[in-house]
Each structure stands twice: as structure tokens, then as C-alpha cells.
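Please read the structure below before turning to the comments.
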Amino acid sequence: MQLFYFYCKKEDIEMARRVFFSFHYERDIWRASQIRNSWVTKPDRETAGFWDAASWEEVKKKGEDAIKRWIDNQLEGTSVTVVLIGYETHTRKYVGYEIGKSYNIGNGLLGIYIHNLKDKDGRTDYKGKNPFDTWYITRNGQKIYFSSLYPTYDWVNDDGYNNIGRWIESAAKKAGK
Numbered sequence: 038m039q040l041f042y043f044y045c046k047k048e049d050i051e052m053a054r055r056v057f058f059s060f061h062y063e064r065d066i067w068r069a070s071q072i073r074n075s076w077v078t079k080p081d082r083e084t085a086g087f088w089d090a091a092s093w094e095e096v097k098k099k100g101e102d103a104i105k106r107w108i109d110n111q112l113e114g115t116s117v118t119v120v121l122i123g124y125e126t127h128t129r130k131y132v133g134y135e136i137g138k139s140y141n142i143g144n145g146l147l148g149i150y151i152h153n154l155k156d157k158d159g160r161t162d163y164k165g166k167n168p169f170d171t172w173y174i175t176r177n178g179q180k181i182y183f184s185s186l187y188p189t190y191d192w193v194n195d196d197g198y199n200n201i202g203r204w205i206e207s208a209a210k211k212a213g214k
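Under the numbering used here, the sequence shown is numbered contiguously, ending at residue 214.
Next comes the structure, spelled out in C-alpha cells:
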């Protein structure tokens, strides 16, 4: 769970987007950091709110309410939530909370599979299940799963390095932001 500001080239988006990233911290921080770092190496990009391991451990010690307050505060003023999908992401309680909260505040949502990125030991991972498959809304008595509403991409196979700005802008526009 990280908050980033994305500033894109004018041809990529119409305005800067404040973006919240949701992911399994312990298992996927290395992969999430690669996405963040690939972004900030481009001209005119900035990020904010990136937590280090010590900060995360400190907030965890304060308990569930403190974690949820932090998430709620970080989501304020965001227009898009990007779920970085690793092998165990779909099982994480706080990822589920972040998805639900993001939906409730009207954020655009999208998922990015990160299993093909290498970790600190040079290993890729197994592809995780789409967490949007477990979330749904009910319309006219029918369940509509988030996986049918929100797109997912593969960071490696869909060239996330060059396309993330467009993905974020599309999600924001779809949400009316």
C-alpha cells in the first residue's frame, strides 16, 4: 500500500493524477519498488508517500484501526487505485480493504500483474489470482464482479513501463475523475 503522484507527458494524460498503489507489502515490495523507480527515472515524474520497511512495521504495531486510518488518509485526494497483483495479493486483508474503500470513494481501479518482474534474488513468481474476482456489486439482483468492470494488465507483457500513464488516465476517466 503506497501512495504515488504521477505526472505524465501531456500527450499521455490531461492532468497529474494522485495514485494509490495497493499490494502485498512483505512479498511484493521489491517488485512494487521497481514499478515506482521505473516511473521516477522518466522526466517530470514525482512520487510521494513511499513507505520503508521500518515505517510499515511501526504502523502495524499500532493495530488494525491505525492501519485503516493510514489507508483512509492516503486515499484522500486520489483519483485512481492501482492493485499490483502478485501471487498472494488476493488473500491480503488490507488489499481487500483498499479495493473496497477505493470503490466507495469513486476511484478508478485497475490491476497490474507483477509476477514476471524479478525479485531481489532475480526470481520471478507464480501468477496470482485476480483480486477483482472476489469483489462484486449487485445491479438488478445480479452480481457484477469487479473483474468485469476493471481492467488488468501484465507489467512485463503489456509494457507497463511505457503504458502505465495511459492505463491510469483511462481508469480515472472511466471513474469520471
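Note that beta-carbon positions come from the ideal geometry of N, C-alpha and C, so glycine has one too.
- If you check the CB distance, Tyr-187 and Gly-148 come in under 8 angstroms.
- Secondary structure of Ser-185 (DSSP, three-state): helix.
- Burial state of Arg-129 is buried, judged by a 10 Å Cβ sphere holding 16 or more other Cβ atoms.
- Non-local C-beta neighbours of Tyr-190 in its own chain, meaning closer than 8 angstroms and more than five positions away in sequence, comprise Leu-147, Gly-148, Ile-149, Tyr-150, Gly-197, Asn-200 and Trp-204, ordered along the chain.
- Taking the Cα positions, Ile-108 is about 31 angstroms away from Gly-178.
- Asp-170 and Gly-123 have their C-alpha atoms roughly 14 angstroms apart.
- Judged by DSSP secondary structure, Gly-202 falls within the alpha helix (DSSP H) whose first and last residues are 197 to 211.
- If the five residues before and after Lys-105 are omitted, its C-beta is found closer than 7 angstroms to the C-beta atoms of Tyr-134, all from its own chain and listed in chain order.
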